Each structure stands twice: as structure tokens, then as C-alpha cells.
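The next block holds one structure in the form of C-alpha cells; read it before the comments.
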Amino acid sequence: MPIDKYETPCKNAITLAKTSHCVAFPPPTHTRRSRMQRLVLPVLLASFWTICTEAGDWCYQSQFTCDHQCNVPEKWNHANDNCAGKYQSPINVVTRKTLKDERLTPFKFDNYQEIFRETIKNNGHSVQVGVPHLSTISGGGLPTTYKAVQFHLHWGNNGGPGSEHTIDGEQYPMELHIVHMKQQYTDLTTALSDPEGVAVLGFFYQVSNSGNRKYDPIISALKNIKTTNGNTSLNPISLAQLIPSEQNMTSYYRYKGSLTTPGCTEAVIWTLFENPIPLSMDQLRAFSELKFQDGKAMVGTFRPVQPLNDRQVFRSGGTAILASSAFLVAAIVTALGLSQPN
Ligand SMILES: [Zn+2]
Numbered sequence: 118m119p120i121d122k123y124e125t126p127c128k129n130a131i132t133l134a135k136t137s138h139c140v141a142f143p144p145p146t147h148t149r150r151s152r153m154q155r156l157v158l159p160v161l162l163a164s165f166w167t168i169c170t171e172a173g174d175w176c177y178q179s180q181f182t183c184d185h186q187c188n189v190p191e192k193w194n195h196a197n198d199n200c201a202g203k204y205q206s207p208i209n210v211v212t213r214k215t216l217k218d219e220r221l222t223p224f225k226f227d228n229y230q231e232i233f234r235e236t237i238k239n240n241g242h243s244v245q246v247g248v249p250h251l252s253t254i255s256g257g258g259l260p261t262t263y264k265a266v267q268f269h270l271h272w273g274n275n276g277g278p279g280s281e282h283t284i285d286g287e288q289y290p291m292e293l294h295i296v297h298m299k300q301q302y303t304d305l306t307t308a309l310s311d312p313e314g315v316a317v318l319g320f321f322y323q324v325s326n327s328g329n330r331k332y333d334p335i336i337s338a339l340k341n342i343k344t345t346n347g348n349t350s351l352n353p354i355s356l357a358q359l360i361p362s363e364q365n366m367t368s369y370y371r372y373k374g375s376l377t378t379p380g381c382t383e384a385v386i387w388t389l390f391e392n393p394i395p396l397s398m399d400q401l402r403a404f405s406e407l408k409f410q411d412g413k414a415m416v417g418t419f420r421p422v423q424p425l426n427d428r429q430v431f432r433s434g435g436t437a438i439l440a441s442s443a444f445l446v447a448a449i450v451t452a453l454g455l456s457q458p459n
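Following this line, the structure appears as C-alpha cells:
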């Protein structure tokens, strides 16, 4: 086959912009079609149609090839209208435009230390772990108590840029999402019908020189779930062991947005913690060993940042920010003291 088959945009393909399907045509080698070609074309179209439909309603940019066309993030609105909404996630946080909000106090984590045995699954888009609905969060400027439902991750290619949210344009190698719903609900579907029904805690990762032993249960399970729908039992873990210590979670950003995968429901109170979680390069690379449904490496599992539109991003009055303002106050006092005549 000619090399240009893999060029983008696909030369022999037409994407039907208004549907969630795509159709690829064979190259027009003859201007006049034989009777056989006239018969074959609809069959080919039908088969491509099936491929596109079977590929699922959506995919990440890294999954798209001319042979395997699917709805990339720019076309997720074909999978669900919500994805073209005004208040979508992820976003880039421009820190100098964030507004400090005194109500964004430290979170209260309950049962985050609780050790549980659960299954880790390759769901074709990510790795996901369902958690017992025992761990809860409150405070942190949240309107009520939310209970943990599941966590999953978004990553790049072999430790390259892969977070969904970015901070001042910086994309971290990976991002953890711990998904919570209001305590009164029993399932996420119901919670998503409430505009504040879901609270997601987002954590970034940074490359460290040594491996993070607290992540061993997850990293070692990955080799058993390389294929889509693969699942295995996770060695006992707690949510607390996956995230920074409580005193390192007082600095965070807050905004209202959506799920970052279709249906893109705008029902999420987002919290993005400033302090990243350390993982070694080898640990980060282990995620790139997973496979999408078509057998290709599961990499680049992030949605590009979405327009902020008229939203405001708030920041907590955390220790890092407090320390800098205390320093500023001290500097002003010193300056005033020095300039005052005796
Ligand atoms: Zn996510």
C-alpha cells in the first residue's frame, strides 16, 4: 500500500461532518466504474461504517488513523451535544487571573485511610478503579459532603505531556481524577443530573528520581490489564496513599466544569491541587504499555483544554500563597520601619 495512506488528512476519505460516523472511499483508480465496482462500493461503505461505529462513539486524537477513523475530541459533540457546551473541562488555569477565595478552606477527608480491595480495569479509554462509597470529602468550599465513586488517570506517551488540565500552559505527565458524588445519590447517572452533583479531585504528577512505592499495587497490576476490558484484583490500597499528605493539599484551584469524556456533562465542581504526586519515569512509562481496543498503545489519553468562556477560576488561601503574602507583609512592614524617621 502507498505510504500516503497514512498522511493526514486522509486523502481517500470523506468524513461526514454532521453524523457520528465516517466513511472511507477506495481511491478512484478508474473514472468509469465496472458493474463489479458498483456492487462492491456499497459493501465497502457498509464495512467502513461498521468499523467507525464499532470503534465507539469517541476516541482520543492518538487513536485516529485513516484506517481507523473515529470521533476525535473536536468531534465529540457528534457523540454528545454537551461536549460543545460553554462550561467544558479541562481548562488551562492562568494563575494570575485566579481569584483568591477565603471560603476555599482545607478539605476534610473521611475514611481516605480505609484500605480496600478492588478491581482495576482497562476500560478502553483509561484505567479505572471503582472504590467503596465509604471515603468522603467535605469542606474545601464544597456545598455538601461528597463520597468517592471511582478513580482513573490520564497520561501522555512514555512519560511525555499527558495531563488534561494545564497550569499557565504547563502540561504535566499524568493526572489523577478521584470522582465523587453528593452523598445522597447512589449512582453517578443520577448525580450528573444535578449541576453540582459531582466533585472531582484532580492531581498532577511529576517525574521523581526514585519510584513511589505507594503506587506499587497499581503499577504492578498494569501488566495484567494490557488489553481492553482486562481487569485484575488490586493489592489492598487506600485513597490516602495515592495523594499528597493533607498539609500538602491546602493549595488548590476551583472552577465549575464538565466530565472530560463524552457525555461531557456540565455537573462537576473541579478541584485541582497545586502539589504534584511524584512518580519515577519507569512508573509513568508503565501506563503506555496498556492497549486501546484496536491493540495500539494507550497513550495521549487526554482531552485538549477547552475555552474558559465567562468562568472565573478561584484559588484557595493555602499555605504556599499565605506564606508569600506573609512575606510581602513583612517586607512592607520592614520597608515602612526603615523609612520612618526616629
Ligand atoms: Zn478523568
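Quick note, the sequence shown lines up with residues 118 to 459 if you use this note's numbering. Note that beta-carbon positions come from the ideal geometry of N, C-alpha and C, so glycine has one too. Model, not experiment: these values are computed from the prediction.
*asked:* So, for Ser310: in the same chain, excluding its five sequence neighbours on each side, which residues have a beta-carbon less than 8 Å away from its beta-carbon?
replied: Ala384
_Three-state class that DSSP yields for Lys203 in the structure shown_ = coil
*Can you have a look at Asn426 and say buried or exposed, based on whether 16 or more other CB atoms are within 10 angstroms of its CB?*
exposed
*At a cut-off of 8 Å, is Val317 close to ligand 1 when judged by its beta-carbon and the heavy atoms of the ligand?*
Result yes, Cβ under 8 Å from ligand 1.
*Less than 8 Å between the CB atoms is what I'm expecting for Asn188 and Asp198, so what's the real figure, rounded?*
Wrong, their Cβ atoms sit about 13 Å apart, outside the cutoff.
_With 16 other Cβ atoms within 10 Å as the buried cut-off, status of Gln230_ = exposed
_Using the three-state DSSP reduction, which class does Asp311 fall into: helix, strand or coil?_
Three-state DSSP puts Asp311 in coil, outside helix and strand.
*Test item: CB-CB of Leu259 and His294 under 9 Å*: no
*Under three-state DSSP, which class holds Glu461?*
It is not possible to answer for residue 461, since the shown part of the chain is limited to 118 through 459.
*Inter-residue spacing [alpha-carbon to alpha-carbon] between Pro278 and Lys413*: 18 Å
_Own chain, CB closer than 7 Å to Thr209, minus 5 neighbours either side, in chain order_ = One detail in the question is off: residue 209 reads as Asn in this sequence, not Thr. The residues are Thr283, Gly286 and Val422.
*asked:* Quick check on Ala238: buried or exposed, where buried means 16 or more other Cβ atoms within 10 Å of its Cβ?
replied: The sequence given here has Lys at residue 238, not Ala. With 16 or more other Cβ atoms within 10 Å, it is buried.
*Just to check, is the beta-carbon of Thr382 closer than 8 Å to a non-hydrogen atom of ligand 1?*
no
*asked:* Please state the DSSP three-state secondary structure of Phe409.
replied: Three-state result, Phe409: coil.
*So, is the C-beta of Lys331 closer than 9 Å to a C-beta in chain B?*
Considering every chain present, this structure includes no chain B. It has just one protein chain.
*Kindly confirm or deny that the region 396–413 and the region 343–353 touch, where touching means at least three C-beta pairs closer than 8 Å.*
yes
*Starting from the Cα of Tyr263, find the closest Cα among Gln178, Val296 and Phe320 and give me that residue.*
Val296
*Taking the runs of the beta strand (DSSP E) that are 3 residues or longer, which of them lie wholly in the region 374–434?*
385–390 and 394–397
_Check for me: the alpha helix (DSSP H) holding Ala265 runs from which residue to which?_
Premise fails: Ala265 lies in the beta strand (DSSP E), Tyr263 to Trp272, not in any alpha helix (DSSP H).
*Report, in whole angstroms, the separation of the C-beta atoms of Phe321 and Glu292, which I expect to be a contact under 8 Å.*
6 Å
*Within 10 angstroms of its Cβ, does Arg213 collect 16 or more other Cβ (buried), or is it exposed?*
exposed
_heavy atom of ligand 1 below 8 Å from Glu292 C-beta_ = yes
*Nearest CA to the CA of Gly97: which residue from Arg420, Thr382, Asn341 and Gln400?*
Any property of residue 97 remains undetermined from this structure, which presents the chain solely from 118 to 459.
_Please classify Ser164 as buried or exposed, where buried requires at least 16 other C-beta atoms within 10 Å of its C-beta._
Residue placement at Ser164 is flagged as unreliable, the pLDDT there being 42, under the threshold of 50; a coordinate-derived value is accordingly withheld.
*In or out: Asn326 buried (at least 16 other Cβ within 10 Å) or exposed?*
exposed
*How is the alpha helix (DSSP H) around His195 delimited, first residue to last?*
Boundaries of the alpha helix (DSSP H) around His195: Trp193 to Ala196.
*Are the Cβ atoms of His269 and Ser243 separated by less than 9 Å?*
yes
*Relative to the C-alpha of Ile386, which residue among Thr306, Leu401 and Lys299 is closest?*
Lys299
*Check each candidate in Gln267, Gly257 and Ser255 and name the one with the smallest Cα separation from Val246.*
Gln267
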